[in-house]
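Number of protein chains: 2
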Amino acid sequence: MSNIIVQKYGGTSVADPKRISGVAKRIISYRRKGVDLVVVVSALGDTTDNLLKLANQVSYLPSEREIDMLISTGEQISVALLAMAIHKLGYEAISFTGAQVGIITDSSHTQARIIRINAARIKRELAEKKIVIVAGFQGADLSREITTLGRGGSDLTAVALAKVLKAKACEIYTDVEGIYTADPRIVPAARKLEMVSYDEMLEMASRGAQVLQTRCVELAKRFNIPIIVRSSFSSKGGTMISKEAKKMEKVVVSAVTLNKNESKITIRDLPDRPGVAAKIFKIIAQEGINVDMIVQNISRTGYTDLSFTAATDNLARTLRAARKASEEIGGGTVSADRDIAKVSIVGVGMKSHSGIAAGMFDILAKNKINIEMISTSEISISCVIRKRLAQRAVRAIHKQFKLEKP
Amino acid sequence: MSNIIVQKYGGTSVADPKRISGVAKRIISYRRKGVDLVVVVSALGDTTDNLLKLANQVSYLPSEREIDMLISTGEQISVALLAMAIHKLGYEAISFTGAQVGIITDSSHTQARIIRINAARIKRELAEKKIVIVAGFQGADLSREITTLGRGGSDLTAVALAKVLKAKACEIYTDVEGIYTADPRIVPAARKLEMVSYDEMLEMASRGAQVLQTRCVELAKRFNIPIIVRSSFSSKGGTMISKEAKKMEKVVVSAVTLNKNESKITIRDLPDRPGVAAKIFKIIAQEGINVDMIVQNISRTGYTDLSFTAATDNLARTLRAARKASEEIGGGTVSADRDIAKVSIVGVGMKSHSGIAAGMFDILAKNKINIEMISTSEISISCVIRKRLAQRAVRAIHKQFKLEKP
Chain A
1187 MSNIIVQKYG GTSVADPKRI SGVAKRIISY RRKGVDLVVV VSALGDTTDN LLKLANQVSY
1247 LPSEREIDML ISTGEQISVA LLAMAIHKLG YEAISFTGAQ VGIITDSSHT QARIIRINAA
1307 RIKRELAEKK IVIVAGFQGA DLSREITTLG RGGSDLTAVA LAKVLKAKAC EIYTDVEGIY
1367 TADPRIVPAA RKLEMVSYDE MLEMASRGAQ VLQTRCVELA KRFNIPIIVR SSFSSKGGTM
1427 ISKEAKKMEK VVVSAVTLNK NESKITIRDL PDRPGVAAKI FKIIAQEGIN VDMIVQNISR
1487 TGYTDLSFTA ATDNLARTLR AARKASEEIG GGTVSADRDI AKVSIVGVGM KSHSGIAAGM
1547 FDILAKNKIN IEMISTSEIS ISCVIRKRLA QRAVRAIHKQ FKLEKP
Chain B
1187 MSNIIVQKYG GTSVADPKRI SGVAKRIISY RRKGVDLVVV VSALGDTTDN LLKLANQVSY
1247 LPSEREIDML ISTGEQISVA LLAMAIHKLG YEAISFTGAQ VGIITDSSHT QARIIRINAA
1307 RIKRELAEKK IVIVAGFQGA DLSREITTLG RGGSDLTAVA LAKVLKAKAC EIYTDVEGIY
1367 TADPRIVPAA RKLEMVSYDE MLEMASRGAQ VLQTRCVELA KRFNIPIIVR SSFSSKGGTM
1427 ISKEAKKMEK VVVSAVTLNK NESKITIRDL PDRPGVAAKI FKIIAQEGIN VDMIVQNISR
1487 TGYTDLSFTA ATDNLARTLR AARKASEEIG GGTVSADRDI AKVSIVGVGM KSHSGIAAGM
1547 FDILAKNKIN IEMISTSEIS ISCVIRKRLA QRAVRAIHKQ FKLEKP
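Put into structure tokens, the structure is as follows:
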């Protein structure tokens, strides 16, 4: 184990010169403790969005290679400013782009995957006792083309660097204090979790928790790199994400999550014969659409209805694909319902405890909330309900499972 | 000679998405004529200034390495957007940073010098019939550190690429239509020059003409690369800058230039003995200050006054250096005068014609304009006068030498 800590600061943490100076002070307070620091930074506040707006003013369908050339400048600006802010406080720091620091990716522009990291340059600068600041979210392919890593890419950069440098910790600084039992804006009694397993975090991320992206957690899980999520605006402890911990075995339900960004698509009057569902979802997958929950009604007349959920962002494209599928199969009309929400409970202990699902359905019934779709996994149960009842449902479930108590 | 044309577009030409699209159309109109195009672009409008403002909010004395990391993003944004705009019009284009395209410089951050250009990548893309778009003003040193080339750096990039690629022309697109006999805002009758020699252009640049920087002209002269300066907003012909052309031999005075950005610094009561001036200007040079004109009064009492001009931008630093020098030498008070202007006439024919200087002094006298300092070179004569009389002087001189007539 090295003496290296990798820290990642998100866009809101470095939104303006004042906050950049604040982050610089925080970094130095760690440096004073004698650790070697590698700091990964996102673009300032809305920079990436503003650059994409510029691109869309020039072209309605800009090339992905040129998008990467354009938006990778956002993180380059952040790292240079942060290095300047650290210098001003009298400490040595040096900033790097992803390409300079040897983050080699494949050539899938705007969603590249890291192939390897040549950390020689970082190690050399650390040996000279410099604080190394690395542009998150970006790398370069083998032809030195600039690439970006897609959503949550800076977290991925941090975890990948922690792996290569054998860092003793990977800390993700953000605008919340850690992972909560529920969104504190919905459930004021929500409690910050001390520890969460990789699997729980993966479920929570895919069920609506916005703090970490799944790719970053998957990478951390694969190489067993503990992540600490904490606030860049306070000194509180945060949440540790690591392997399933012993002391967590008694915990049944860890958190309630809510996703309001999915719609329900229904295809009516499908012939009820084997292979129909397979054919439909093959056509939809070919359009690059990720389907989440799927429910098929019981057939009464030789015809059946099929519903599924998918991100509302791509709804127009999803509907086109579903209509194409229905036509090919000889099905009926296709409709979409945006007014749904998916409420989920997540917890590693769940699989070995009976009655958890019943408890969830029961409390929803008591609150007169109708369940429209259900899906379960090893460590989660999700229900689709009306969107306007979502907050009431989250609060009731949080209380039912006493999540406010440690 | 290749079939390559290098074009450079300045910041005002690509100030916003609409202008970027306009430049894209212009580029394509050349592409259609079958030439291979390498396009050098500056940062959008005020981008560089805005980035420097951010830097100054973070640190009052930011490191030059980090300034280069920061401001090099400006051109990277431009090239990506221009490539997108060209794609939209249905043509192939690809953008590059200075580092990607093999522009190797020394390590003098913020004012690096180009050592060599490895143009293999550009040639490969041109062979694939792509329009190659290169970020101006930047390069990378041998350790892949990002560097910038200083003021007018994008022009330098264009001329250097024209040299390496053996381009058949190097066109500098700007917001004026070419090089004029005087600033048209001051002299409405000013005439656009068809041709100007490198030496005249160098004199004009150092005497106040703002269109091209001296470094770019020096490079073009050294490798005999003709430059065409023209407007990106019109289709008019522009001005050709090349070796002293035959048909120019009869021309005596080519242009009048004006520089209002210098101040006069006077050191009083210096001991009048050999070596004093040398010592003073050695001290001033050590502070990195470029002195322009120097005048020393005739000694009457064993003491003498010495005046020189230098850029008003660095006046505080220049005054500090001059005071230090005066103290070391046993001189008297140092004072500065910002209310001066330098008016110059430039022309290759001048050296072989008598009476030119007399004509200039005479017309100033007729206009009751007092001359405070005079300096002459092979192809120019400069007079320091009161700033408030500068425009009157330029108009009178322009008329005196009949510059409005070809």
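These protein sequence lines map, in sequence, to chains A and B.
Going by our numbering, the first residue of the first sequence is number 1187, and it counts up by one from there.
Going by our numbering, the first residue of the second sequence is number 1187, and it counts up by one from there.
We put the CB at the ideal spot given by N, CA and C, even for glycine.
State the DSSP-derived secondary structure class of residue i, mapped to helix, strand or coil.
{"i": "tyrosine 1366(A)", "result": "strand"}
{"i": "threonine 1234(A)", "result": "helix"}
{"i": "valine 1226(A)", "result": "strand"}
{"i": "glutamine 1297(A)", "result": "coil"}
{"i": "glutamine 1399(B)", "result": "coil"}
{"i": "proline 1203(B)", "result": "helix"}
{"i": "methionine 1434(B)", "result": "Residue placement at methionine 1434(B) is flagged as unreliable, the pLDDT there being 48, under the threshold of 50; a coordinate-derived value is accordingly withheld."}
{"i": "serine 1421(A)", "result": "coil"}
{"i": "phenylalanine 1409(A)", "result": "helix"}
{"i": "isoleucine 1557(B)", "result": "coil"}
{"i": "arginine 1393(B)", "result": "coil"}
{"i": "valine 1532(B)", "result": "strand"}
{"i": "arginine 1572(B)", "result": "strand"}
{"i": "glutamine 1586(A)", "result": "helix"}
{"i": "phenylalanine 1258(B)", "result": "The question names phenylalanine, but residue 1258(B) is serine in the sequence shown. DSSP places serine 1258(B) in helix when its eight states are reduced to three."}
{"i": "alanine 1543(B)", "result": "helix"}
{"i": "isoleucine 1526(B)", "result": "strand"}
{"i": "serine 1566(B)", "result": "strand"}
{"i": "valine 1439(B)", "result": "coil"}
{"i": "serine 1428(B)", "result": "strand"}
{"i": "tyrosine 1246(B)", "result": "coil"}
{"i": "isoleucine 1190(B)", "result": "strand"}
{"i": "valine 1382(B)", "result": "strand"}
{"i": "leucine 1444(B)", "result": "strand"}
Considering only the beta carbon of each residue, do residue i and residue j sit closer than 8 Å?
{"i": "isoleucine 1542(B)", "j": "isoleucine 1567(B)", "result": "yes"}
{"i": "valine 1265(A)", "j": "alanine 1313(A)", "result": "no"}
{"i": "alanine 1269(A)", "j": "isoleucine 1280(A)", "result": "yes"}
{"i": "threonine 1495(B)", "j": "lysine 1450(B)", "result": "yes"}
{"i": "isoleucine 1303(B)", "j": "valine 1227(B)", "result": "no"}
{"i": "glutamate 1357(A)", "j": "isoleucine 1414(A)", "result": "yes"}
{"i": "alanine 1579(A)", "j": "asparagine 1553(A)", "result": "yes"}
{"i": "glutamate 1386(B)", "j": "valine 1532(B)", "result": "yes"}
{"i": "isoleucine 1213(B)", "j": "valine 1225(B)", "result": "yes"}
{"i": "threonine 1333(A)", "j": "glycine 1196(A)", "result": "no"}
{"i": "serine 1188(A)", "j": "alanine 1353(A)", "result": "yes"}
{"i": "histidine 1295(A)", "j": "isoleucine 1253(A)", "result": "yes"}
{"i": "valine 1382(B)", "j": "methionine 1536(B)", "result": "no"}
{"i": "valine 1529(A)", "j": "isoleucine 1571(A)", "result": "yes"}
{"i": "threonine 1233(A)", "j": "glycine 1260(A)", "result": "yes"}
{"i": "isoleucine 1453(A)", "j": "alanine 1508(A)", "result": "yes"}
{"i": "alanine 1344(B)", "j": "lysine 1194(B)", "result": "yes"}
{"i": "alanine 1463(B)", "j": "leucine 1492(B)", "result": "yes"}
{"i": "isoleucine 1601(B)", "j": "leucine 1223(B)", "result": "With chain B covering 1187 to 1592 only, the question about residue 1601(B) has no answer from this structure."}
{"i": "lysine 1211(A)", "j": "leucine 1275(A)", "result": "yes"}
How about the region 1335-1343 of chain B and the region 1388-1402 of chain B: do they share at least three Cβ pairs that are nearer than 8 Å?
-> yes
Any residues in the region 1248-1265 of chain A with a beta carbon nearer than 9 Å to a beta carbon of chain B? Which ones, in chain order?
-> Pro1248, Ser1249, Arg1251, Glu1252, Ile1253, Asp1254, Met1255, Leu1256, Ile1257, Ser1258, Thr1259, Gly1260, Gln1262, Ile1263 and Val1265
Does the region 1361-1371 of chain B come close enough to the region 1322-1336 of chain B that 3 or more CB-CB pairs lie under 8 Å?
-> no
Quick one: any contact between the region 1243-1263 of chain B and the region 1192-1207 of chain A, if contact means 3 or more CB pairs under 8 Å?
-> yes
Just list the alpha helix (DSSP H) runs in the region 1447-1523 of chain A, keeping only unbroken ones of 4 residues or longer that don't cross its boundaries, in chain order.
-> 1462-1472 and 1501-1515
Contact set between the region 1195-1213 of chain A and chain B, restricted to residues whose Cβ is under 9 Å from the partner = Asp1202, Pro1203, Lys1204, Ile1206, Ser1207 and Ala1210
Does the region 1301-1316 of chain A touch the region 1273-1287 of chain B, meaning 3 or more C-beta pairs lie closer than 8 Å?
-> Contact annotation: the region 1273-1287 of chain B does not touch the region 1301-1316 of chain A, with fewer than three C-beta pairs closer than 8 Å.
Specify whether the region 1505-1522 of chain B and the region 1542-1551 of chain B touch according to this definition: at least 3 beta carbon pairs, one from each stretch, less than 8 Å apart.
-> no
Spell out a yes or no on whether the region 1491-1508 of chain B and the region 1467-1474 of chain B are touching, meaning 3 or more CB-CB pairs, one atom from each, closer than 8 Å.
-> yes
Quick one: any contact between the region 1378-1396 of chain B and the region 1438-1456 of chain B, if contact means 3 or more CB pairs under 8 Å?
-> Taking 8 Å as the limit for Cβ pairs, the verdict is that the region 1438-1456 of chain B does touch the region 1378-1396 of chain B.
Touching or not, the region 1422-1429 of chain B and the region 1457-1470 of chain B, by the rule of three or more beta carbon pairs under 8 Å?
-> no
Mind listing, in chain order, the continuous beta strand (DSSP E) runs of no fewer than 3 residues lying wholly within the region 1280-1335 of chain B?
-> 1289-1291, 1300-1303, 1317-1321, 1324-1326 and 1332-1334
Near-chain A residues of the region 1321-1346 of chain B - C-beta to any C-beta below 7 Å = Arg1330
Of all the residues that make up the region 1268-1289 of chain B, which are near chain A by a beta-carbon distance shorter than 7 Å?
-> The region 1268-1289 of chain B vs chain A, Cβ under 7 Å: Ala1269, Met1270, Ala1271, His1273, Lys1274, Ser1281 and Gln1286.
The region 1227-1246 of chain A: positions lying closer than 8 Å to chain B by Cβ = Leu1237, Leu1240, Ala1241, Gln1243, Val1244, Ser1245 and Tyr1246
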